[in-house]
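Written out below as structure tokens is the structure these notes cover.
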């Protein structure tokens, strides 16, 4: 079927459809909305799309997204470079960074070990982590990985690799999240929350 | 809070957020996905965004979106120009066009009369419709407007304006849509479906 929309309009619909979770109807809606965008937004939007890939590199130290060779976090001297928080991807890094509760630095793995999917330790950004730990005399490595088989496998691998290195290795707490109805939490999380229970002290 | 993502990446997130229904998290997700787009898609995407507004005009006859002075439908001599289907916007035009069941032409109002919202008959594309009907000796005007107070008001206005013009004015059928569970249909639609019931003939 020939397109029922004008050429450029239709091109834009097709591009929006290449993005995850955006189907035909939504893409049409976004194209109509794009007709209403301010000219300055359009300028930035078009430019960002065009140059995103070329300008967005990976930090040479931690693999975080960065337009420079070193990301803002790694080049920040006020942060504690002796504590490395290991995350799966840049998105998770930002999630932790948004809490404002962490003043150390990060290491982005860019994936998790998953032999079933053919992802082995050498396929993710681990070698650089171990070299970095060796070189920088790191005090603590915090494993902040997704609670899943892959996350656990990766955590275990790192833990074994760093054994006898005189480094504190910690793992973030998994359990029931705040503000959720208990009924929406899966059984495995509840089991974990139970076994990780803490003693309440009387005053 | 300073951006936690690189400059261009963050610009793109902000642009995606200008689109309807796209919040912070979704915009981040789309920006990450944009990093993975093929170069040729990126080229078309960036170009479409940039030139969409300038290239997309309104058809001088029916107000449909078009890159030419006259849209493809209005300039198609094989279509029946004596039957005009009046729709609210170009999106609805495409919905009807997708059915493949209509060989006439359209007229896009670009809105519906809504005195409460300050939208009066002269604010939508009605004058051109009446002139067109006058000039083209139209046989039938199909009102294909949203079943709502605004749609009904607009339909009534057009109906009154065209009275005594010797034109057939029709309205699309409103009722229970196919394949829906009856329980999800509102009472007004059910009432309409009841009063518009048709007699089943025996063979």
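Residue numbers (our numbering), protein chains in the order written: chain A, 251 to 453; chain B, 251 to 453.
From the three backbone atoms N, C-alpha and C, an ideal C-beta is built for every residue, glycine too.
Keep in mind it's a predicted model, so treat the numbers as computed, not measured.
Query	Result
Residue 404 (chain A) vs residue 359 (chain A) beta-carbon contact at 9 Å	yes
Residues that residue 305 (chain A) contacts on chain B, provided the C-beta gap is smaller than 9 Å	256, 257, 258, 259
Three-way DSSP call (helix, strand, coil) for residue 331 (chain A) in this model	coil
Beta-carbon proximity list for residue 263 (chain B), same chain, < 7 Å, skipping 5 on both sides	255, 277, 278, 281
Residue 332 (chain B) beta carbon less than 9 Å from that of residue 354 (chain B)	yes
Residue 270 (chain A) at chain B interface by Cβ criterion, 9 Å	yes
Outcome for residue 401 (chain A) when other beta-carbon atoms lying within 10 angstroms are tallied against a minimum of 16	buried
Contact between the segment 291–298 of chain A and the segment 288–301 of chain B (3+ Cβ pairs under 8 Å)	yes
DSSP-derived helix/strand/coil call for residue 354 (chain B)	strand
Check whether residue 389 (chain A) and residue 422 (chain A) have beta carbons under 9 Å apart	no
Members of the segment 339–370 of chain A near chain B, C-beta cut-off 9 Å	339, 340, 341, 343, 344, 347, 348, 350
Straight-line gap, residue 375 (chain B) to residue 313 (chain B) (C-alpha atoms, nearest Å)	8 Å
Beta carbon proximity, residue 289 (chain B) to chain A, threshold 9 Å	yes
Chain B contact for residue 380 (chain A) (CB, 9 Å cutoff)	no
Chain-ordered neighbours of residue 374 (chain A) on chain B, where CB pairs are closer than 7 Å	Per Cβ cutoff of 7 Å: no residues; residue 374 (chain A) is ~17 Å from chain B at best.
Interface residues of the segment 382–396 of chain A facing chain B [CB-CB below 8 Å]	none
For residue 387 (chain A), the nearest candidate out of A:364, A:415, A:410, A:394 (CA to CA)	A:415
C-beta neighbour in chain B for residue 433 (chain A), strict 9 Å	no
Cβ-based burial, residue 338 (chain A) [other Cβ within 10 Å; buried from 16]	buried
Closer than 9 Å to chain A by CB, residue 426 (chain B)	no
Segment limits, alpha helix (DSSP H) that includes residue 420 (chain A)	Run containing residue 420 (chain A): none in the alpha helix (DSSP H); it sits in the beta strand (DSSP E), 418–421.
Which of helix, strand or coil DSSP assigns to residue 336 (chain B)	strand
Under the three-state DSSP convention, the category residue 307 (chain B) falls into	strand
Alpha helix (DSSP H) segment containing residue 366 (chain A), residue limits	Segment: none, residue 366 (chain A) is in no alpha helix (DSSP H) and carries neither H nor E.
Cross-strand partners of residue 315 (chain B) (DSSP beta bridge)	B:308
3 or more residues per run - each beta strand (DSSP E) lying fully within the segment 361–416 of chain B	390–393
Other residues of its chain near residue 319 (chain B): CB distance less than 8 Å, five sequence neighbours each side excluded	307, 309, 310
Beta carbon proximity, residue 300 (chain A) to chain B, threshold 9 Å	yes
Residue closest to residue 253 (chain A), alpha-carbon to alpha-carbon, out of B:341, B:370, B:289	B:341
Burial state of residue 394 (chain A) (16 or more Cβ within 10 Å)	buried
Inter-residue spacing [alpha-carbon to alpha-carbon] between residue 283 (chain B) and residue 392 (chain A)	28 Å
Coarse secondary structure for residue 321 (chain B), derived from DSSP in three states	coil
Opening and closing residue of the alpha helix (DSSP H) in which residue 260 (chain B) lies	257–267
Nearest-angstrom Cα separation, counted from residue 406 (chain B) out to residue 357 (chain B)	16 Å
7 Å Cβ cut-off: residues of chain A touching residue 447 (chain B)	Ordered by position in chain A, no residue passes the 7 Å Cβ test against residue 447 (chain B), which lies about 31 Å from the chain.
Alpha-carbon to alpha-carbon, residue 266 (chain A) and residue 274 (chain B)	17 Å
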